[in-house]
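Novice: Mind looking over this structure? Questions follow.
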Amino acid sequence: MSTSVAGHCPMGCGETLMLGEGGCVTCRKLNCPQPDAVTTLLDDSETEHLVEFRETGFTIRHPLRERLGDALMECELHEWCASFNRPPVAPGRYRVSRLPNAWDIERLSPE
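Every letter in the sequence shown is one number past the one before it in the numbering used here, and letter 70, counting from 1, is 65.
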């Protein structure tokens, strides 16, 4: 027997979450495109920003904690990255953490 879990499926199915085998949160809707989406999100251990710098732009993956209290809407990293005419570092993927008065930028190994 499954136990309902409070919350909404991130795939748009609604209040359809349940506690599945092995303690995994699963969507009970039969046509959910990714029933294990919540478990996949919770399994991600990254807690900092990941930034992909390219020659002509960048993409930021914000940490999940920034969804709390709409902190994502106040994140200064996008504005900082956009302030440069070209990337502030060599193109590649980086972990970027906030320091008191700066950003700590750590290059990640290519995947």
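Even glycine gets a Cβ: it sits at the ideal position worked out from N, Cα and C.
(1) On a Cα-Cα basis, can you pick out the residue from Ala32, Val33 and Phe53 that is closest to Arg81?
(2) I'd like the list of long-range same chain contacts for Thr42, defined as Cβ closer than 6 Å, with 5 residues on each side in sequence excluded.
(3) Tell me which same chain residues have a C-beta within less than 7 Å of the C-beta of Glu100, skipping the five on either side of it?
(4) What residues are listed by DSSP as bridge partners for Trp75?
(5) Span of the alpha helix (DSSP H) holding Leu37?
(6) In three-state terms, what does DSSP make of Gly9?
(7) Apply the 10 Å Cβ neighbour rule to Glu(-2) and answer buried if 16 or more other Cβ atoms are within range, or exposed otherwise.
(8) Check the DSSP bridge columns for Val0 and list the partner residues they point to.
(9) Pull up the distance between the alpha-carbon of Met13 and that of Val20, whole angstroms please.
(10) Hey, could you find the ends of the beta strand (DSSP E) Gly18 is sitting in?
Specialist: Looking at the atomic coordinates:
(1) Locating residue 81 in the sequence shown gives position 86, counting from the first residue. Cα-wise, what sits closest to Arg81 is Phe53.
(2) Taking the sequence shown and counting its residues from 1, one reaches residue 42 at position 47. Around Thr42: Pro58.
(3) Residue 100 sits at position 105 when you count from the first residue of the sequence shown. Reading off the sequence, residue 100 comes out as Ile, not Glu. Once the five neighbours on either side are set aside, the close Cβ partners of Ile100 are Val84, Tyr89 and Val91.
(4) Within the sequence shown, residue 75 is the residue found at index 80, counting from 1. Note: Trp75 sits in no beta bridge, so no partner.
(5) If you number the sequence shown from 1, residue 37 lands on position 42. Where Leu37 is concerned, the enclosing alpha helix (DSSP H) stretches over Ala32 to Asp38.
(6) Reading the sequence shown from its first residue, position 14 is the one you call residue 9. Correct three-state label for Gly9: strand.
(7) Indexing the sequence shown from 1 puts residue -2 at position 3. In the sequence as presented, Glu is not what sits at residue -2; that position holds Thr. Label assigned to Thr(-2): exposed.
(8) The count along the sequence shown starts at 1 and reaches residue 0 at position 5. Its beta-bridge partners do not exist; DSSP assigns none.
(9) Residue mapping note: residue 13 aligns to position 18 of the sequence shown, counting from 1. Residue mapping note: residue 20 aligns to position 25 of the sequence shown, counting from 1. Approximately 6 Å between the Cα atoms of the pair.
(10) Within the sequence shown, numbered from 1, the residue matching residue 18 stands at position 23. Unbroken run through Gly18: none, as it is neither H nor E.
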